[in-house]
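K.L.:
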Amino acid sequence: MNRVSIPRRQELVDGRLAFTGVNGRFMRTQLQRAGVGLLAGSVAAIVGHLFARDRVFTGLLRSAWTALPAKLHFDGFQAYSLELALLCLSVAVLFLPPALRWLLPFTRAWWAGIVSLTPLTVALSIFVVVTWGPIHPKATVFAGVALVLGVVGAECWRRARPPASAELSIKLDIPVAKRSASSEHVWKPSTSDDPIGSWDQDVIGRAAVVELLADHALRQGSPIVALQGDLGDGKSSALNLLRRAVAGKAIVVSFSAWLPGSEVTLSTDLFSDIATECRKYVHVPRLRKTLLTYARAIGGSVPRLAGMKELLPTRSQRDDIQDLREALSRLPVRILALIDEIDRMQKEELAVLLKVLRGAFTIPNVSFVCAFSEKHVTDEMQESRDYLEKFFPVSVSLSGPSSDLVGKLFQARLKNELAQQRWFIKEEDEANFSKLLEGLWQDALAMLCTNLRKANILLNDIFAAARSIVGEVNPFDLVAIEAVRRFFPETYRLVRTNRPYLTPGSSSWAKYEYSWEEKRKEGIEKFAAEVKQASADGGKPEAAQALLSWLFPAYESLVNASRRFHSHVNRKNESTADAEKRICSADYFHIYFRGQVPEEMFSNAELSQMVSDLNEAASDAGAGRIFSGILESIPPKHPKREDFLWKANRAEGLTDLAVERLAYAAADRAANYAYDFLKVGEAAQALNLVFTAAQRLSATHDAQRVLETAMARASDDTFALRILEFTEHQDRNKVLTNFTHINAGTVRAAFITRMRRRYGADSVTQEVDLKCADWQAFRLWANNSPEDREIAYAFWRGFIGKSRRKLAQAADFAFPRGVSWSGGYPSAAVSDVFPADEFRRLLGDIPEGEPLNEVEMKAIGRMERLVAGTWEGEGELPGLNIS
């Protein structure tokens, strides 16, 4: 137990009310109270005489009672003696505890000299003398006079003595016993932002701060004490511990300055709370009324630095306040008002609070302990630090916990929780995680989690995100990306929407796009510039840069070229990133963001309904309608589409037949996907539906049927080409891994058959949509055999006809933009699609005049330069080498 001694004070705060014994005002007050007692005693004696000794009146009452009809219909009160006794007992049980609770504060008030027993004593003496005086005149008069003089003398003595609080020695309730548990086990992060409320939760060690606050408020009697600290440093926790430490030794009023509805009600709410807490401990007559009068005066349009005379312009108000000050000065304990959340107040509210505090200097026996962040208050008030010192002459600074302590608690709690969620399968997994986490803390998190509140908030984010994806991603990357989301939300948005530039596996899959590496370089540079701006706006840009460097090697190599820390400790390439489920893997990137943007998620309820509907579908067409209905309900290129297709690949509960039908439905809608990247995005997830079905049936020859049928039903050449490529290059296929019953040659034959059917003599060439065609697919088909080449040529002749616009579209397809030609002049590659000589002839034979758009005009010009031998690759971007 800690002790704060309070020495005897010789005079009160204002210097006018000294402990000088009985004065004229006291005698006048006692005389007034004696008059009140005389009046009350006289009335009581008259009433007693009337009902007890007036024979005529009592006889009248007896006659009236005897004449009542009710008297004739029951046995009388004596027959109900037991019931009446029980009734009296029940009344006593109900009303005695409240009476005692009222009597205790009243007794304290009398002992402190706040209230007087003179009126009650005089009234009782008059009643006794009048009632029993005729029988025992000398004894009753003597007893009455002695009682009155004794009480008045006692009150004179109480009045002459200093307040009891001036002689008290306060013992602070601060436990000092050593804890058996370590701080890691004591600190338990909460899902709320509530401060701690007991000493066993104090892992930082706030006892010294509490003792200092108590010393200023109780021993030195400072009217106002400021507890200053940054947001999250534990100011509310310190106030809670101070309240527990002085419980029973002071009247403690806890007030949140953020809760009142407006600046108009702030002062009245504050003083109403003070009156309520005082009433629980000691009875002060008219305390609430006087305090509210004072509060209303402060809440009015009074200058900010007004003194007591300006605050209380009328004589009656000054008299009330004088009585209030005199009563408060005699309280046996000090009033301690703990005002929290000041740094969340608006400017108008702060102005009212400062006026309240300015007037507090003239109110005795009351201390205000105000917790706030000096920076936030001065910014809101647009005032200097010197301005605040006028109101807070005494200040206690609360520094945040050390970075080492926060880091120790954060890491211990994080590892413990992730272990409980079964994130670590092997011991080396946890050891590696601990090593990386220590580096991440030193490099970035220590700058962000500067106190336990921020650490707690980040832990809550991590735990919430981790529960739904246990084992699906890498826990270290999950911690880092959640830190980005919490502290750099705009940077988080940039990361989430720039996957192609951050994941090496995101090779381009866009139509006619063959310059991906150059675009990646441009994209990552633009991304880095945007991140730099966003993180600078949010503060601590070096922390944002460090987090992204830990997560994405592509970003680190650009911004941290001279720093190799991450490369040595956190080595990642495409193969290890996939194996370790890192965020820089194109296959796992989107999982890290799956639960953070609800509008981009395909819900589990929708997924369950889809599974049920597909299992009940009666045909392939029925399954196709179910799939198409969901796909069409989501806008093209919306992230929810990819999430839907991704979850469909992992849907549980589908029958083998439903899985196969889902693969065919995905192939049927191949023309409706966004073909942006090779391994990610809508088309990649839809393609995985085909390979998921094949893997499901890979133990039988049915797997071959799935690939061939999906190939035949694919409505887009790129989709069909990727089925072939990922079947022939088995090492690149991470979905279909059992090729025991797969014949790649037969799948290639199915591809050739599909191309012949789609572009053969039976096709309506004028109506073919080139958006669903693929340049690589055409070249692969045309080079299959001379017969296929002739079929391809015939298609283009029929497609072009006599239309210069169709010629421009064919030229744009055969001679795509953005290609780096490593095999010399590109005319040979163009001729794989359609002969360059025929392009030359048609350019001369088909007359101009048909309107062309900009792309078509450029395609004509590009082809004219090619066939004329003057094309030099001007304006072309280096990219995929085509030979």
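Note that the sequence shown covers residues 16 to 898 in our numbering. Built from N, CA and C at the ideal position, the CB exists for glycine as well.
1. Note the first and the last residue of the continuous alpha helix (DSSP H) segment covering residue 484.
2. So for residue 832, helix, strand or coil by DSSP?
3. For residue 437, I'd like the list of residues in its chain whose CB is within less than 8 Å of its CB, leaving aside the five on either flank, ordered along the chain.
4. So residue 270 is in the beta strand (DSSP E); what residue range does that whole segment cover?
5. Measure how close the beta-carbons of residue 465 and residue 415 come, nearest whole angstrom, since I'm counting them as under 8 Å.
6. With DSSP collapsed to three states, give me the class of residue 381.
7. What are the start and end residues of each continuous beta strand (DSSP E) run of 3 or more residues lying completely inside the region 354–405, in chain order?
8. Between the region 721–729 and the region 765–784, do at least 3 Cβ pairs fall closer than 8 Å?
9. Considering Cα atoms alone, identify which of 830, 99, 712 is closest to residue 879.
10. Leaving out five residues on either side along the sequence, give the residues of the same chain with a beta carbon under 7 Å from the beta carbon of residue 682.
11. DSSP three-state label for residue 337, please.
12. Leaving out five residues on either side along the sequence, give the residues of the same chain with a beta carbon under 7 Å from the beta carbon of residue 750.
13. Anyone know if the C-beta pair for residue 597 and residue 476 falls short of 8 Å?
14. Helix, strand or coil, according to DSSP, for residue 320 in the structure here?
15. Leaving aside the five residues before and after residue 462 along the sequence, list all residues of the same chain whose C-beta is less than 6 Å from its C-beta, in chain order.
16. If you draw a straight line from the alpha carbon of residue 380 to that of residue 239, how long is it in whole angstroms?
17. What's the gap between the Cα of residue 259 and the Cα of residue 99?
18. Is the region 447–459 in contact with the region 398–412, if contact means three or more CB pairs nearer than 8 Å?
19. Where does the unbroken alpha helix (DSSP H) through residue 225 begin, and where does it stop?
20. Quick one, are the C-beta atoms of residue 357 and residue 386 less than 8 Å apart?
21. Indicate whether residue 246 and residue 353 have their beta-carbon atoms separated by less than 8 Å.
22. Nearest CA to the CA of residue 505: which residue from 546, 496, 284?
23. Considering only residues of the same chain and omitting the five flanking positions on each side of residue 550, which have a CB-CB separation below 6 Å?
24. Give the range of the alpha helix (DSSP H) segment to which residue 767 is assigned.
25. Give the DSSP-derived three-state secondary structure of residue 352 in the structure shown.
26. Mind checking which residues open and close the alpha helix (DSSP H) that includes residue 418?
27. Are there any heavy atoms of the ligand FAD lying less than 7 Å away from the beta-carbon of residue 860, as far as the coordinates show?
28. Contact check, residue 676 vs residue 629 under 8 Å by CB: the rounded distance?
29. What is the DSSP secondary structure of residue 624, reduced to helix, strand or coil?
30. Taking the beta strand (DSSP E) that residue 239 belongs to, which residues open and close that run?
31. Cα-Cα, which of 141, 71, 257, 117 is closest to residue 61?
32. Would you tell me roughly how many angstroms separate the C-alpha atoms of residue 616 and residue 600, rounded to the nearest one?
33. Under a Cβ-count criterion, where at least 16 other Cβ atoms within 10 Å of its own Cβ denotes burial, should residue 696 be classed as buried or exposed?
34. Just to confirm my understanding: we take residue 614, look at its own chain, exclude 5 residues before and 5 after, and list those with CB closer than 8 Å. What are they?
35. Please look up how many angstroms separate the CB atoms of residue 815 and residue 857, rounded, as I've assumed it's under 8 Å.
36. Would you kindly check if the distance between the Cβ of residue 740 and the Cβ of residue 759 is under 8 Å?
P.N.:
Concretely, from the data shown:
1. Here residue 484 is taken as the residue at index 469 of the sequence shown, counted from 1. Per DSSP, residue 484 belongs to no alpha helix (DSSP H) and is neither H nor E.
2. If you number the sequence shown from 1, residue 832 lands on position 817. Note: residue 832 maps to coil in three-state DSSP.
3. Numbered from 1 along the sequence shown, position 422 holds the residue referred to as residue 437. Cβ within range, chain order: 485, 486.
4. In the sequence shown, counting from the first residue as 1, residue 270 sits at position 255. 265–271 is the extent of the beta strand (DSSP E) around residue 270.
5. Taking the sequence shown and counting its residues from 1, one reaches residue 465 at position 450. Taking the sequence shown and counting its residues from 1, one reaches residue 415 at position 400. Indeed, because the Cβ distance is near 6 Å, the residues count as touching under 8 Å.
6. Here residue 381 corresponds to residue number 366 of the sequence shown, with the count starting at 1. Residue state, collapsed to three classes: strand.
7. 381–387
8. yes
9. As a working note, residue 879 is residue 864 in the sequence shown. Ranking 830, 99, 712 by Cα distance to residue 879 puts 830 first.
10. On the sequence shown, position 667 is the one that residue 682 refers to. Cβ neighbours of residue 682 beyond the five flanking positions: 705, 725, 728, 729, 734.
11. Taking the sequence shown and counting its residues from 1, one reaches residue 337 at position 322. Helix, per DSSP.
12. The residue given as residue 750 occupies position 735 in the sequence shown. So the qualifying residues of the chain are 703, 706, 707, 710.
13. Counting from one through the sequence shown, the residue named residue 597 turns up at place 582. Counting from one through the sequence shown, the residue named residue 476 turns up at place 461. The answer is no: Cβ separation not under 8 Å.
14. The residue given as residue 320 occupies position 305 in the sequence shown. Here the model assigns residue 320 a pLDDT of 38, short of 50, so the residue's position is not dependable, and the following value carries that caveat. Note: residue 320 maps to coil in three-state DSSP.
15. For the purposes of this step, residue 462 is taken as the residue at position 447 of the sequence shown. So the qualifying residues of the chain are 555, 558.
16. By one-based count along the sequence shown, residue 380 stands at place 365. By one-based count along the sequence shown, residue 239 stands at place 224. Their backbone Cα atoms lie some 11 Å apart in a straight line.
17. On the sequence shown, position 244 is the one that residue 259 refers to. On the sequence shown, position 84 is the one that residue 99 refers to. When rounded, the distance between both Cα atoms is 45 Å.
18. no
19. Taking the sequence shown and counting its residues from 1, the one referred to as residue 225 is at position 210. Here the alpha helix (DSSP H) through residue 225 covers 222–229.
20. Residue mapping note: residue 357 aligns to position 342 of the sequence shown, counting from 1. Residue mapping note: residue 386 aligns to position 371 of the sequence shown, counting from 1. Yes, Cβ-Cβ distance for residue 357 and residue 386 is below 8 Å.
21. On the sequence shown, position 231 is the one that residue 246 refers to. On the sequence shown, position 338 is the one that residue 353 refers to. No, the pair does not count as a contact, with Cβ atoms beyond the cut-off.
22. One-based indexing of the sequence shown puts residue 505 at position 490. The shortest C-alpha separation from residue 505 is found at 546.
23. Your numbering for residue 550 matches position 535 in the sequence shown. 503, 506, 556, 559.
24. Here residue 767 refers to the residue found at position 752 when the sequence shown is read from its first residue. Segment 759–774, the alpha helix (DSSP H) holding residue 767.
25. The residue given as residue 352 occupies position 337 in the sequence shown. Here residue 352 sits in strand by DSSP.
26. To locate residue 418, count along the sequence shown from 1; it is residue 403. 418–435 is the span of the alpha helix (DSSP H), which, as asked, contains residue 418.
27. With respect to the ligand FAD, the structure offers nothing, as it holds no ligand at all.
28. Here residue 676 refers to the residue found at position 661 of the sequence shown. Here residue 629 refers to the residue found at position 614 of the sequence shown. Correct: roughly 7 Å between the Cβ atoms.
29. Position 609 of the sequence shown, counted from the start, is the residue given in the question as residue 624. Residue 624 falls in the helix class under three-state DSSP.
30. Here residue 239 refers to the residue found at position 224 when the sequence shown is read from its first residue. Element bounds for residue 239: 239–243.
31. Here residue 61 refers to the residue found at position 46 of the sequence shown. Residue 141 is the option with its Cα nearest to residue 61.
32. For the purposes of this step, residue 616 is taken as residue 601 along the sequence shown, with counting starting at 1. For the purposes of this step, residue 600 is taken as residue 585 along the sequence shown, with counting starting at 1. Rounded to the nearest angstrom, the two C-alpha atoms are 20 Å apart.
33. Here residue 696 refers to the residue found at position 681 when the sequence shown is read from its first residue. When all chains shown are included, residue 696 counts as buried.
34. Translated into the one-based positions of the sequence shown, residue 614 becomes position 599. Only 655 meet the Cβ criterion.
35. If you number the sequence shown from 1, residue 815 lands on position 800. If you number the sequence shown from 1, residue 857 lands on position 842. Taking a contact as a CB-CB distance under 8 Å, the pair residue 815 and residue 857 counts as one, their CB atoms being some 6 Å apart.
36. For the purposes of this step, residue 759 is identified with residue 744 of the sequence shown, where counting begins at 1. For the purposes of this step, residue 740 is identified with residue 725 of the sequence shown, where counting begins at 1. By the CB criterion at 8 Å, residue 759 and residue 740 fall outside the cutoff.
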